[in-house]
Amino acid sequence: MTVQTVDDKSINENWEPKIIAFLCNWCSYAGADLAGVSRIQYPPNIRIVRVPCSGRINPNFIIKSLTDGWDGVLVSGCHPGDCHYISGNLVARRRFAILNELLEFFGIEPGRVNFMWASAAEGERFANLIKKVTKIIKELGPNTKFKKKWC
Amino acid sequence: MEKIGAVLIVGAGIGGSQAALDLGDAGYKVYLIESTTSIGGVMAQLDKTFPTNDCAMCIVSPKLVETGRHQNIDLHINCKIEEVSGEAGNFTIKILKKSLHINMDKCTGCGVCGQKCPVEAIDMFNEGLAKVKATSVKYPQAVPLVYAINKDYCIGCGVCEGVCKAEAVEYDLEDQEVEFNVGAIILAPGFEEFVPAEGNKYGYGKYKNVVTSIEFERILSASGPYTGKILRPSDGDVPEQVAFLQCIGSRDLREGQPYCSSVCCMYTCKEAVIAKEHMDQVNPTIFSMDVRAYGKDFDKYIIHAQEEYGVQYIRSRISSITEDSKTKDLILKYETEDGKIISEVFNMVVLAVGLNPPNDAEYLAEKFGIELNEYKFALTDVFNPVQTTRPGIFACGAFQSPKDIPETVTQASAAAGCVNQLLYEKTGTLITEKTLPPEIYVAGQPPRIGVFICHCGINIGGYVDVPDVKKYASNLPNVVLADRNLYTCSADTQTIIKNKIEEFHLNRVIVASCTPRTHESLFQETIREAGLNRYLFQMANIRDQCSWVHMHQPKEATQKAKDLVRMAVNKARNIIPLERIKLSVTPKALVIGGGITGMVAALNFASQEYETCLVEKEMELGGHAKHIYTTLEGGSVQDYLSDLIQKVNSNENLHVYTQAEIENIDGFIGNFKTTLIHGDRKERVEFDHGVVVVATGANEYQPKEYLYGKNPLVIKQSDFEKLINTTDDIKNKKSIVMIQCVGSRDEERPYCSKMCCAEAIKNAILTKEKYPGVEITILFRDIRTYGFKEKYYRQAREAGIIFLRYDEKNPPNVIANDSQLKVEVNTPTKEVININTDLLVLSAGIYADREENEVLAMMLKVPINDDNFFLEAHVKLRPVDFATEGIFVAGLAHCPKPIEDSISQANAAVSRACTILSKDEIEAEGKTAVVNMARCSGCGMCVENCAYNAIELIEDRRFGLIASINQALCKGCGACSGNCRCAAIDVLGFTGEQIYAMIKGRL
Chain X
7 MTVQTVDDKS
17 INENWEPKII
27 AFLCNWCSYA
37 GADLAGVSRI
47 QYPPNIRIVR
57 VPCSGRINPN
67 FIIKSLTDGW
77 DGVLVSGCHP
87 GDCHYISGNL
97 VARRRFAILN
107 ELLEFFGIEP
117 GRVNFMWASA
127 AEGERFANLI
137 KKVTKIIKEL
147 GPNTKFKKKW
157 C
Chain S
924 MEKIGAVLIV
934 GAGIGGSQAA
944 LDLGDAGYKV
954 YLIESTTSIG
964 GVMAQLDKTF
974 PTNDCAMCIV
984 SPKLVETGRH
994 QNIDLHINCK
1004 IEEVSGEAGN
1014 FTIKILKKSL
1024 HINMDKCTGC
1034 GVCGQKCPVE
1044 AIDMFNEGLA
1054 KVKATSVKYP
1064 QAVPLVYAIN
1074 KDYCIGCGVC
1084 EGVCKAEAVE
1094 YDLEDQEVEF
1104 NVGAIILAPG
1114 FEEFVPAEGN
1124 KYGYGKYKNV
1134 VTSIEFERIL
1144 SASGPYTGKI
1154 LRPSDGDVPE
1164 QVAFLQCIGS
1174 RDLREGQPYC
1184 SSVCCMYTCK
1194 EAVIAKEHMD
1204 QVNPTIFSMD
1214 VRAYGKDFDK
1224 YIIHAQEEYG
1234 VQYIRSRISS
1244 ITEDSKTKDL
1254 ILKYETEDGK
1264 IISEVFNMVV
1274 LAVGLNPPND
1284 AEYLAEKFGI
1294 ELNEYKFALT
1304 DVFNPVQTTR
1314 PGIFACGAFQ
1324 SPKDIPETVT
1334 QASAAAGCVN
1344 QLLYEKTGTL
1354 ITEKTLPPEI
1364 YVAGQPPRIG
1374 VFICHCGINI
1384 GGYVDVPDVK
1394 KYASNLPNVV
1404 LADRNLYTCS
1414 ADTQTIIKNK
1424 IEEFHLNRVI
1434 VASCTPRTHE
1444 SLFQETIREA
1454 GLNRYLFQMA
1464 NIRDQCSWVH
1474 MHQPKEATQK
1484 AKDLVRMAVN
1494 KARNIIPLER
1504 IKLSVTPKAL
1514 VIGGGITGMV
1524 AALNFASQEY
1534 ETCLVEKEME
1544 LGGHAKHIYT
1554 TLEGGSVQDY
1564 LSDLIQKVNS
1574 NENLHVYTQA
1584 EIENIDGFIG
1594 NFKTTLIHGD
1604 RKERVEFDHG
1614 VVVVATGANE
1624 YQPKEYLYGK
1634 NPLVIKQSDF
1644 EKLINTTDDI
1654 KNKKSIVMIQ
1664 CVGSRDEERP
1674 YCSKMCCAEA
1684 IKNAILTKEK
1694 YPGVEITILF
1704 RDIRTYGFKE
1714 KYYRQAREAG
1724 IIFLRYDEKN
1734 PPNVIANDSQ
1744 LKVEVNTPTK
1754 EVININTDLL
1764 VLSAGIYADR
1774 EENEVLAMML
1784 KVPINDDNFF
1794 LEAHVKLRPV
1804 DFATEGIFVA
1814 GLAHCPKPIE
1824 DSISQANAAV
1834 SRACTILSKD
1844 EIEAEGKTAV
1854 VNMARCSGCG
1864 MCVENCAYNA
1874 IELIEDRRFG
1884 LIASINQALC
1894 KGCGACSGNC
1904 RCAAIDVLGF
1914 TGEQIYAMIK
1924 GRL
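Going down the list, the sequences are from chains X and S. Numbering-wise, the first sequence is residues 7 to 157 according to the working numbering. Numbering-wise, the second sequence is residues 924 to 1926 according to the working numbering.
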């Protein structure tokens, strides 16, 4: 295994962040589908992992994503009140409120991990979220704090 | 006479297929008869569908595949009806199966015969714009996938017979007569597109660059003659200025049909949008009379087309087209609204042709002994649009009247609902159970993954380098096969997948194509048929997430597709077979809402001997219909309503609760439990049921504009209807003005209420009949008398009713003026016309109450849309289903619609529900939460987080206090697992291990 040093965004002008997105099946994933069906263009930086509900997302998934070298994480579920599973997104919201503080304590910049909502009818909003998140993480630069140096 | 548990369906377009699936699922034997060589009808020819721009092939293909391989559906192609005898409950049918000259049982659809055939024939599927071989299949995704020899072209050279390895070619294969008995018949033969006659004023047939809309649909299609590029037929150039002409052959007494074809306004707008999307140089201009965007979310679509895609609308009917003989451009002469004559050059012209009755309508009518209407469409009941003039025979779709796909699907289900009502005792008597091969034991074996990558026509292949993704996938660990297909969802590819599973001993299958939300179950079914557990499957969504959203970045889209495939492979290595548990079904129904819709649904359930509970919040049944006296077509609503109420009250299987409020609905498909409070004494009732129909209706808008409520001379259309039907107060009025679109199509409610135009015209005509001296003026934006309702619009104009269009941005002003009102109308041409009137009638729209609907939506866990109406599972193909199984929607709760449409939806909802109620047990999802007992500390966090009360803490002999999950109640949401601090709970199908594998996939 080769040891890489990725420490400065200036090394590569063309650096593009890789972002992992955990989307709930019923709202946000469907919103992503709608963005697709409506051909709304957005930056190609995200890779989507489908989960049944935002409530399924264990904080470990997020931490693991950062240690494995993803530059950013996006978690998106149904709007509060819209959850297909009644209250899964509310459980998630409480959980991520705590996680956010923990991440800050770890030294993870605010904006590297994003929690959002998008419904099945919001293709446009979904695309805008991706644009926004990509921009934020581009400005933050590569994820170096948490990343294992050998991967 | 003994009733028979079988049904004949004539026509296998989307309507016939939907009816067949509903009835097949409800346990009837179905004979599905198609006159051409493949099912799918016109929908299979379409490129995209409005208002969602869904790819037509993508959504119809899984349905056709399902129809083609349904255990209870007997599909007969290339058929003709010979004889029909008998009566409702027991008909005898004789059909002639015309020979394909290829043995259907032997043909594998490999297509070698077509490749080698030396003779070319006209490709009718591509509307004559392309050529096929004399030995061919209708279209690549055809169901069933069998070739046929076109004897009109075949020269009898014998090449195909020589090359066919399956020995399927049999030139002298003869026509075959088949006879069977059925209990009911559904006619769904569809429509015939209008073809402008020779010497028509549009130059169609003479000028090459004048095409019909269905030809243009094929031009748009990725699988069409120009592979989705917008090219004009004369020289293959990209046309920059494209004119779309509406009402070709519709609303035209001289050269076409007098009625409105209902769908052209929307499909034209869609074609304009898609053309622009495919090629940015195209500038679409639409010439129309009225824009009839009366369906759910249609108006939004039109606005979006104008604002986002620059589609231009010109209100004019084209009088003539001439061709520039050098450039082959077309010169259109038209009159603008302010009377100017303009001559404009277009590179291409698309004629939005109307819908004619099927060519063999008279033949069918004679054979089946049904009557046709004045336009040669099936004559049906005023209130039940699927009931023909002969009992036991139903009609649906465009054969009943011109209509779009969702309305066709609704009517197809409605016809099935009526069949259920007729034959319910015989369900399950003539069917055979599906036999699946035993599951291959894969536990403990190393993963052998097969990856199938879809081109989706050019939807994926046009932007993502599919061969490169295939190459990449084949090098991933454990991948033993990577393959690519033009359409992975088509019937032929299902066979390929099954063969590859066997050939390569695959034990995990990945399809990289579109969204699992629509296609996962299709592929799961396929691998199950090949002996694999259905959960040994993964999808990578490289269309909706790559090609469609990164259209201008093919390199990045390809890289992303590779990443998604790799992540899917990583997950697939960790997936295991899962089991589905069986759930019992309570054969009872709950119908919420006691208007016409709710009552029709409840009565249908009850007459099938399902115990039914009908809940109405008001004191009495009847809903909105209490204020309607007649329909535009002359049906007496009050007579129908009182008859219906009487039937509802006298049915012993039906419990009616008025002044009722639902307190709580618990449970899931097949096993709901509802608590409600009803009556003056607020009695509490509990009811177990298997399905729910939401028929809660909507409300009439209470106008705030035009001095309503401030001046007694301003009333609502419904008040006016009451006055004209029950009093003679109108007698003394000299002038009446009606204003349309009050509370509809505005910023707050940007949708059309669909029925107001018909209501206004109905009341205006009645007033004119009673008091011919009264002057009536209707102020409108668009008159939306779609379908056969157009007749009454014409009748109204002939009766002297004045129709005046007002500027939508500048609505009329109403000024009180002693005993009269002055209405100032701003016309679109900036003129101001003043009308003095004795009465102002406001056509108030329909609105849904957010708060009320939200409460129910929360209880049922179903969505509502921006306009507060309930949101169905799929606007095109699942119009009465909710995404949550076992719950259905009908009537005004879904969106504004006239009575006959509500009745169709009610029967459709019943039909959909009967696919559940007719079974003793249904299978639950296999993706549920599981507890690792050794890890569980019994903290109880999961118990608190579970919204379904599916978890409880139990005392285990070995592990002490632990969480235990009820699999039947578990929905697999994972709220428990996400919170579990001991990592003791996992969600099958989305386990931590699987998700970590996906995360780790990053390179």
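We treat Cβ as the ideally placed atom computed from N, Cα and C, and that holds for glycine. Computed from a prediction, not measured in an experiment: that's the story for all the values here.
Using three-state DSSP, classify S/Glu-1013 as helix, strand or coil. Checking the sequence shown, residue 1013 of chain S turns out to be Asn, not Glu. Residue state, collapsed to three classes: strand.
Should X/Lys-141 be flagged as near chain S, meaning a C-beta pair shorter than 8 Å? no
Okay, do the segment 48-58 of chain X and the segment 1473-1480 of chain S touch, 3+ Cβ pairs below 8 Å being the bar? yes
S/Met-1921 versus chain B: which residues are under 7 Å apart at the beta carbon? No chain B is present in this structure, whose protein chains are X and S.
From S/Phe-1167, S/Asn-1889, S/Ala-1120, pick the residue whose C-alpha is nearest to that of S/Gly-1849; which is it? S/Asn-1889
For S/Gln-1064 versus S/Met-980, is the C-beta distance shorter than 8 Å? yes
Does any residue of chain X have a CB that is nearer than 8 Å to the CB of S/Glu-1479? So, interface residue.
Shorter than 8 Å from the beta carbon of X/Arg-118 to some beta carbon of chain S? no
S/Gln-1625 classed as buried or exposed, judged by whether at least 16 other C-beta atoms fall within 10 angstroms: It is exposed - the Cβ of S/Gln-1625 has fewer than 16 other Cβ atoms within 10 Å.
Looking at chain X, is there any beta carbon in it that lies within less than 8 Å of the beta carbon of S/His-1475? With 8 Å as the cut-off, S/His-1475 counts as an interface residue toward chain X.
Does the beta carbon of S/Met-980 sit closer than 8 Å to a beta carbon anywhere in chain X? no
Looking at the unbroken beta strand (DSSP E) that takes in S/Glu-1875, where does it start and where does it end? 1874-1879
Show which residues of chain S have a CB atom less than 8 Å away from the CB atom of X/Ser-71. Ile-1922
S/Val-1514 and S/Ala-1618: beta carbons closer than 8 Å? yes
Looking only at its chain, what residues have a beta carbon closer than 7 Å to the beta carbon of S/Glu-1543, apart from the 5 residues adjacent to it on each side? Thr-1581, listed in sequence order.
Report the start-end ranges of each alpha helix (DSSP H) in the segment 1068-1093 of chain S that is 4 residues or longer and not cut off at the edges. Qualifying alpha helix (DSSP H) stretches, in chain order: 1082-1086.
Taking the straight line between their C-alpha atoms, what separation do you get for X/Ala-38 and S/Asp-1467? Straight-line Cα distance between these residues: approximately 7 Å.
What residues from chain X crowd round S/Met-1895, counting only those whose CB sits closer than 9 Å? Looking at the sequence provided, one finds Gly at residue 1895 of chain S rather than Met. Within chain X, the residues near S/Gly-1895 are Pro-58, Cys-59, Arg-62, Tyr-91.
Could you run through the segment 1780-1800 of chain S and flag, in chain order, every residue whose CB is less than 8 Å away from some CB of chain X? Met-1781, Lys-1784, Pro-1786, Asn-1788, Asp-1789, Leu-1794
What is the DSSP secondary structure of S/Ser-1022, counted as helix, strand or coil? coil
Along chain X, in chain order, which residues have C-beta atoms closer than 7 Å to that of S/Asn-976? Val-43, Ser-44
Beta-carbon neighbours of S/Ser-1900, restricted to chain X and to distances below 8 Å: Under the 8 Å cutoff, chain X gives Arg-62, Asn-64.
Name the chain X residues whose beta carbon is nearer than 8 Å to that of S/Glu-1200? Arg-45
Chain-ordered chain X contacts of S/Lys-1483 [CB-CB under 8 Å]: Taking a Cβ-Cβ cut-off of 8 Å, the neighbours of S/Lys-1483 in chain X comprise Pro-50, Arg-53, given in sequence order.
Would X/Leu-80 and X/Ile-25 qualify as a contact pair, given that the criterion is a beta-carbon distance under 8 Å? yes
X/Phe-67 to S/Cys-1437, Cα distance in whole Å? Distance from the CA atom of X/Phe-67 to the CA atom of S/Cys-1437, rounded to whole angstroms, is 25 Å.
In its own chain, which residues sit with a C-beta less than 7 Å from the C-beta of S/Glu-925, not counting the 5 before and 5 after it? Within the same chain, Cβ atoms closer than 7 Å to the Cβ of S/Glu-925 are found at Asn-1013, the five residues on either side in sequence being excluded.
Leaving aside the five residues before and after S/Asn-1464 along the sequence, list all residues of the same chain whose C-beta is less than 6 Å from its C-beta, in chain order. Thr-1438
Separation of X/Ala-124 from X/Ser-34, as counted between CA atoms: 5 Å
Counting contacts by CB-CB distance shorter than 8 Å, is S/Asp-1809 in contact with chain X? In the sequence under discussion, the amino acid at residue 1809 of chain S is Gly, which differs from the Asp named in the question. S/Gly-1809 does not count as touching chain X.
Could you tell me whether any Cβ in chain X is nearer than 8 Å to the Cβ of S/Met-1490? It does: the Cβ of S/Met-1490 has a partner Cβ on chain X nearer than 8 Å.
Please go through the segment 1277-1349 of chain S and give each complete beta strand (DSSP E) segment of 3 or more residues, from N-terminal end onward. 1316-1318
In the segment 117-150 of chain X, which residue ranges form an unbroken alpha helix (DSSP H) of at least 4 residues, counting only runs that do not cross its ends? 129-146
Any idea what DSSP makes of X/Val-97, helix, strand or coil? helix
Report all residues from its chain with a CB closer than 6 Å to the CB of S/Asp-1220; omit the five preceding and five following residues, and keep chain order. Pro-974
Buried or exposed: X/Met-7, going by 16 or more other Cβ atoms within 10 Å of its Cβ? Confidence in X/Met-7 is poor, its pLDDT being 37 and thus under 50, which makes the residue's placement too unreliable to answer from.
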